[in-house]
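K.L.:
Below is the structure I would like to discuss, written out as structure tokens.
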Amino acid sequence: MKFTAEIDIMPRPELLDPQGKAVMLGLEHLGLNQVADVRIGKHIRLNLEAENEQAAQEKVEQACKKLLANLIMESYTFELTPA
Amino acid sequence: MRFNKKATGVEQQLTTVETAKKLGLLPEEFEKIKNILGRTPNFTELSIFSVMWSEHCSYKNSIVWLKTLPKKSARMLAEAGEENAGLVDIGGGLACSFKIESHNHPSAIEPYQGAATGVGGINRDIFTMGARPIAQLNSLRFGNIQNDKTKRLLKGVVKGIGDYGNAFGIPTVGGELYFDECYNVNPLVNAFSAGIVEVGKTASAIAEGVGNPVFIVGSATGKDGIHGATFASEDITEASAEKLPSVQVGDPFQEKLLLEATLEVLESGCVVGMQDMGAAGITCSTSEMSAKGESGMEVWLDKVPTRQKDMVPFEILLSESQERMLIVVHKGQEDKIKAICDKWDLYCAQIGEVTDTKRLKYYMHGELVADVPAEDLVLGGGAPVYHREYREPAYFKEAQQFSIDQVTEPKGLEEYRKIAEFLASHPNICSRRWVYHQYDSMVGTATMTTNRPSDAAIVKVKGSDKAISITVDCNSRYVNANPEEGCAIAVAEAARNIVCSGGEPVAITNCLNFGNPYVPEVYWQFVGAIKGMKKACEKFETPVTGGNVSFYNQSSDEGPVFPTPTIGMLGILENKELATTLAFQNAGDLIYLVGAAQNDINSSEYLYSYHGVKLSPSPAFDLETEYQVQDATKHLIREKLVQSVHDISDGGLYIALLESAMPQNLGFDIQTDSTFRKDAYLFGESQSRIVISVAPAQQAAFESALKGQNTAFTLLGTVTTGECRIDNEAFQNTVEIKKLYDTALEKLMN
Amino acid sequence: MKFGVVIFPGSNCDQDVIQVLERVSNKPVARLWHKDHDLQSCDFIVLPGGFSYGDYLRSGAIARFSPIMQEVIGHANKGGYVMGICNGFQILTEAGLLPGALLRNTEQKFICRNVHIRPETTDLLPTRRLEKGKAYQVPIAHGEGRFYADADTLQRIKDQDQVMFRYCNSHAAIAPDTNCNGSIESIAGISNEGRNVFGMMPHPERAADPDLGNMDGLLIFESLLEAVPA
Chain Z
1 MKFTAEIDIM PRPELLDPQG KAVMLGLEHL GLNQVADVRI GKHIRLNLEA ENEQAAQEKV
61 EQACKKLLAN LIMESYTFEL TPA
Chain X
1 MRFNKKATGV EQQLTTVETA KKLGLLPEEF EKIKNILGRT PNFTELSIFS VMWSEHCSYK
61 NSIVWLKTLP KKSARMLAEA GEENAGLVDI GGGLACSFKI ESHNHPSAIE PYQGAATGVG
121 GINRDIFTMG ARPIAQLNSL RFGNIQNDKT KRLLKGVVKG IGDYGNAFGI PTVGGELYFD
181 ECYNVNPLVN AFSAGIVEVG KTASAIAEGV GNPVFIVGSA TGKDGIHGAT FASEDITEAS
241 AEKLPSVQVG DPFQEKLLLE ATLEVLESGC VVGMQDMGAA GITCSTSEMS AKGESGMEVW
301 LDKVPTRQKD MVPFEILLSE SQERMLIVVH KGQEDKIKAI CDKWDLYCAQ IGEVTDTKRL
361 KYYMHGELVA DVPAEDLVLG GGAPVYHREY REPAYFKEAQ QFSIDQVTEP KGLEEYRKIA
421 EFLASHPNIC SRRWVYHQYD SMVGTATMTT NRPSDAAIVK VKGSDKAISI TVDCNSRYVN
481 ANPEEGCAIA VAEAARNIVC SGGEPVAITN CLNFGNPYVP EVYWQFVGAI KGMKKACEKF
541 ETPVTGGNVS FYNQSSDEGP VFPTPTIGML GILENKELAT TLAFQNAGDL IYLVGAAQND
601 INSSEYLYSY HGVKLSPSPA FDLETEYQVQ DATKHLIREK LVQSVHDISD GGLYIALLES
661 AMPQNLGFDI QTDSTFRKDA YLFGESQSRI VISVAPAQQA AFESALKGQN TAFTLLGTVT
721 TGECRIDNEA FQNTVEIKKL YDTALEKLMN
Chain H
1 MKFGVVIFPG SNCDQDVIQV LERVSNKPVA RLWHKDHDLQ SCDFIVLPGG FSYGDYLRSG
61 AIARFSPIMQ EVIGHANKGG YVMGICNGFQ ILTEAGLLPG ALLRNTEQKF ICRNVHIRPE
121 TTDLLPTRRL EKGKAYQVPI AHGEGRFYAD ADTLQRIKDQ DQVMFRYCNS HAAIAPDTNC
181 NGSIESIAGI SNEGRNVFGM MPHPERAADP DLGNMDGLLI FESLLEAVPA
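Protein chains in written order, with the working numbering: chain Z, 1 to 83; chain X, 1 to 750; chain H, 1 to 230.
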């Protein structure tokens, strides 16, 4: 079966996100003061083949843990859909 | 003493020796704390003691020996331990502040952020002094480069250093990089920075003047790096990787703003004292500044700008969030600091005031949450001081057994060529361009060694005729072979590099990377290294201005790393015209060896890596001879009798010649001396030897100048247009071997 | 000719370029603060290198909205001279004053080293005193310097002689290995159609001091003096 995984990788909430902070400053300069917080992560789309949904789930987990996210710094979430 | 428990919950509960142990304190230390306070500490207070009495902040296992190092010279404006970094008078109303610091354990866990925040921390130490950083170096050590883990760590560390330093805008002008199995688990990441300040315009890390307001400036305080200081004092295990949140995130943009704002605040005249926040965060700066001023402080933790909601007192106190500064301001001048921070878009909040109680009283929403005497927390005050047991390890005697006769002398041109290529492409010797091309080495337009490479990095001091010359050096293989001799060699090599660049060595900073100090054999290495550093620093009149100690560089599995006392040395070029390149300039110039050859291959890369002999004594070295060779070289440079000067170090004479030949695609044609084994002559790493090229027209003047010096010298041969010839045999072609040398590291990394 | 250099938070080559301009022009150079709206009646505005606002989102993306940039854009639109070096070039493309964009280097790494560039025209103010067909050694220091423009834009840039510099070797020849960051057609610097706005990734201010052993960049600043003030 073919699946698509939509993965979001975000800096862990307890850590500083300098990128988000700088963008927030930029938004303030634009006069968009209503923005309370900005955090910036990555979106990754993965197309994969697996026997079933559970196997696909495991593969994506592995990919996230081993390569895509740095678990010391980042957390990940994903949505799996049959392609 | 009464504390209200309701406001802050669990952490106000009284502690036990078990809590103390969990925080990394010894039972006797817990007793000592109870005696100091006259009661049982609460959790917040115990946390404060645990970080301040950690090895990182208190130097409790090293200070006894560090005190034996020379600290004084006529140039010294701030002695070791007095301020955040050493301060040296460089003449003309200017001073140089410089320091090296380790970030080994954070880099082992998260190489990118670990290295980046190391760079941030060392630069803050410099601008806390009021000095504007002008150049950075780094000293890196990793495990076997064939391991994927090493590659990942190296990539992360180099990118971390680059991204932080490049954005911060201070050039990274040099450094060193070594690989050895002993660093497989625990890499070493040592960062050096140097800055310039006008004498009399420096800042001091002092809090004084009752009622003076205390400001926190820079980033908001978050939960990152809490207990980082304690973490730095424990062996690395797989479990410590799980201990979160232990990493800190660096923000070089914020650091750049903090630099500009800090220097502007200082210029405004409102500053009493300031200190950056590094290990142990607010705790460390409030206690050290108070202790130095023999004053106290009242600190309102709820006024600290925080990044997360609901941070409890100990989290705020211990957070190691980066890019923050504690500034004590003259009362009534609060508007000045606020206006400047507003200009630079930095947080700026008054979080307390100076008192005369000599106590640190921390409040949260009006509740007193901790009350501790400042003096008892700090080094030189109440922090514990230990004499550790030491014992000569078995390997040391074994190493002394080695003799050159145990190694068969190579036969014939082919084998010599093979060794030459092996060394030129060895990861410990080959070009580091894969690394340094990722660093901005030219921002600031003061780096004089970009287009004229030299043994030490030369950075001109704008607004004067002077330049500084800086280097980081340590061959830890030598230190392991013989800590005392090896560390003396590290100092001597640093001084030699400064001298070869045209500078006068003036002072050092050290980064002492060792294993677990509770292991007597490891402590023996530490003691030996200090002894060697002492005698060499005394000889070269280069006092120690400070630095840091990093113990516990080992893993439970693989034993300690090589003892690695990295020496960062500062030299001065009274006139930048003295700057001297290592590169041969013209075909036909004469090549001299200044200093005497030795029949010695001890601890050379050739012996260690090519022959695989892992234990041998440190290379031949005599401090007096070294001094004479350096003195003669200084004289030759001042008399303008040289075209190039390059010291002989890793890889021996052959590599030194090659390194001098490559920049201009020139070559060399030399004769070896048959009284020595040819492999020792070409690849041995005996110390106190320098390769100097001389214009033929100056031959007589050069030789007569040297004859007045108490130093051996030999005419080796001449510079050629590109061929490398040894003993009348065509050895190699510079262009070909250069390709090998230049690309070796990137081939391994890609 | 009055020069002004914009200082953004995170600019770090501002002092370097100010020093060269003051030496070349023998006049004080105005410091233009990002929060201000006053160009201090400067004729020639330089946007220096660095990491404006940390360059976290995209290089130059935030700087382009700063108060001073609104004035710089107005100045350029009236035909006033503006030149961006490195981060300054990135800001000018983000601001729409120069065509194209600067992407991450092909190697995906920051690169700092000496490279050679050759002027493709001498009919632009910064190249007026340079020689066509000659290579100049000027260092680069950037992570996002790969110039890109779509086919139509690129054609227009070339048709109107807006290519200011290309990366080359020391003999001024272009080869795949001389294109240090993977820029389209080795482009290192361009101008706008009006020939009053210039951008280049290499840092000429780093090659303009005899103490540093490279003077190839100085000519670019000296060329600027040939402008007739508006």
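C-beta atoms are modelled at their ideal positions from N, C-alpha and C, and glycine is treated no differently.
Source: prediction; values computed, not measured.
What does a CB cutoff of less than 7 angstroms around residue 161 of chain H pick up in its chain, not counting 5 residues either side in sequence?
P.N.:
121 and 123
K.L.:
Compute the beta-carbon to beta-carbon distance between residue 718 of chain X and residue 588 of chain X, rounded to the nearest angstrom, for a pair I have assumed lies under 8 angstroms.
P.N.:
6 angstroms
K.L.:
Is residue 644 of chain X helix, strand or coil when you go by DSSP?
P.N.:
strand
K.L.:
Under 7 angstroms between beta-carbons, which chain H residues line up against residue 25 of chain Z? List them in chain order, please.
P.N.:
Those are 53, listed as they occur along chain H.
K.L.:
Let me confirm a value: residue 17 of chain H is counted as buried when at least 16 other C-beta atoms fall within 10 Å, else exposed. Which label applies?
P.N.:
Around the Cβ of residue 17 of chain H, a 10 Å sphere holds 16 or more other Cβ atoms; the residue is buried.
K.L.:
Roughly how many angstroms separate the alpha carbons of residue 687 of chain X and residue 109 of chain X, rounded to a whole number?
P.N.:
37 angstroms
K.L.:
Pull up the DSSP beta-bridge partners for residue 50 of chain H, would you.
P.N.:
H:11
K.L.:
Residue 86 of chain Z CB to nearest chain H CB: under 8 angstroms?
P.N.:
In the structure as shown, chain Z starts at 1 and stops at 83, and residue 86 of chain Z therefore has no counterpart that could be examined.
K.L.:
How long is the line joining the alpha carbons of residue 36 of chain H and residue 386 of chain X, rounded to whole angstroms?
P.N.:
Looking at the backbone, the Cα of residue 36 of chain H and that of residue 386 of chain X are separated by about 58 angstroms.
K.L.:
DSSP three-state label for residue 217 of chain X, please.
P.N.:
strand
K.L.:
Going by other Cβ atoms of all chains shown within 10 Å of its Cβ, with 16 needed for buried, is residue 352 of chain X buried or exposed?
P.N.:
buried
K.L.:
Which class does residue 33 of chain H belong to by DSSP, given the choice of helix, strand or coil?
P.N.:
strand
K.L.:
Rounded to whole angstroms, what is the Cα-Cα separation between residue 753 of chain X and residue 164 of chain X?
P.N.:
The question about residue 753 of chain X has no answer, for chain X in this structure spans 1 to 750.
K.L.:
Could you give the distance in angstroms between the alpha-carbon of residue 452 of chain X and the alpha-carbon of residue 581 of chain X?
P.N.:
6 angstroms
K.L.:
Among the candidates X:348, X:369 and X:377, whose CA atom is the shortest distance from the CA of residue 358 of chain X?
P.N.:
X:377
K.L.:
Using the Cβ count rule (16 or more neighbours within 10 Å means buried), how would you classify residue 129 of chain X?
P.N.:
buried
K.L.:
So within the stretch 116–169 of chain H, which uninterrupted beta strand (DSSP E) runs reach at least 3 residues, ignoring any that extend past its ends?
P.N.:
136–142, 146–148 and 163–168
K.L.:
Hey, could you find the ends of the alpha helix (DSSP H) residue 101 of chain X is sitting in?
P.N.:
Note, residue 101 of chain X: premise wrong, no alpha helix (DSSP H); beta strand (DSSP E) at 94–102.
K.L.:
Below 8 angstroms on the Cβ atoms is my guess for residue 170 of chain X versus residue 135 of chain X; work out the distance and round it to an integer in Å.
P.N.:
7 angstroms
K.L.:
If you measure from the beta carbon of residue 221 of chain H to each beta carbon in chain X, is any gap under 8 angstroms?
P.N.:
no
K.L.:
In or out: residue 751 of chain X buried (at least 16 other Cβ within 10 Å) or exposed?
P.N.:
This structure cannot settle anything about residue 751 of chain X, because the visible part of chain X is limited to 1 through 750.
K.L.:
Let me know the secondary structure DSSP gives residue 36 of chain X once reduced to three states.
P.N.:
The answer is helix: DSSP assigns residue 36 of chain X an H, G or I state.
K.L.:
What runs of the alpha helix (DSSP H), each 4 residues or longer, lie entirely inside the stretch 599–686 of chain X?
P.N.:
623–638, 652–661 and 678–683
K.L.:
Between the Cα of residue 571 of chain X and the Cα atoms of X:87, X:621, X:552 and X:32, which residue gives the shortest distance?
P.N.:
X:87
K.L.:
Less than 8 angstroms between the C-beta atoms of residue 15 of chain X and residue 35 of chain X, yes or no?
P.N.:
no
K.L.:
Taking only the alpha-carbon atoms, compute the straight-line gap between residue 197 of chain X and residue 335 of chain X and give it to the nearest angstrom.
P.N.:
Inter-residue distance for residue 197 of chain X and residue 335 of chain X is about 25 angstroms (C-alpha atoms, whole angstroms).
K.L.:
Does the beta-carbon of residue 36 of chain Z, which I'm using as the reference point, lie nearer than 7 angstroms to any heavy atom of the ligand ADP?
P.N.:
Inclusion of the ligand ADP in the displayed structure is not the case, the ligand content being empty and no account of it being possible.
K.L.:
Is there a C-beta anywhere in chain H that falls below 8 angstroms from the one on residue 43 of chain Z?
P.N.:
no
K.L.:
Helix, strand or coil for residue 42 of chain H per DSSP?
P.N.:
coil
K.L.:
So residue 14 of chain Z contacts chain X; which residues on that side make the cut at Cβ distance below 7 angstroms?
P.N.:
222, 223, 224, 245 and 308
K.L.:
Considering only residues of the same chain and omitting the five flanking positions on each side of residue 383 of chain X, which have a CB-CB separation below 7 angstroms?
P.N.:
52, 53, 58, 60 and 377
K.L.:
Return no unless some Cβ of chain X is closer than 8 angstroms to the Cβ of residue 210 of chain H.
P.N.:
no
K.L.:
Starting from residue 57 of chain H, find everything on chain Z with Cβ-Cβ shorter than 8 angstroms and list it in chain order.
P.N.:
19, 22, 23, 26 and 40
K.L.:
Going by the CB atoms, is the gap between residue 203 of chain H and residue 91 of chain H shorter than 8 angstroms?
P.N.:
no
K.L.:
At a Cβ cut of 9 angstroms, what residues of the stretch 2–27 of chain H count as close to chain Z, listed as they run along the chain?
P.N.:
9 and 10
K.L.:
Could you tell me which chain X residues have their CB closer than 7 angstroms to the CB of residue 168 of chain H, listed as they occur along the chain?
P.N.:
Taking a Cβ-Cβ threshold of 7 angstroms, none of the residues of chain X is close to residue 168 of chain H; the smallest such distance is about 19 angstroms.
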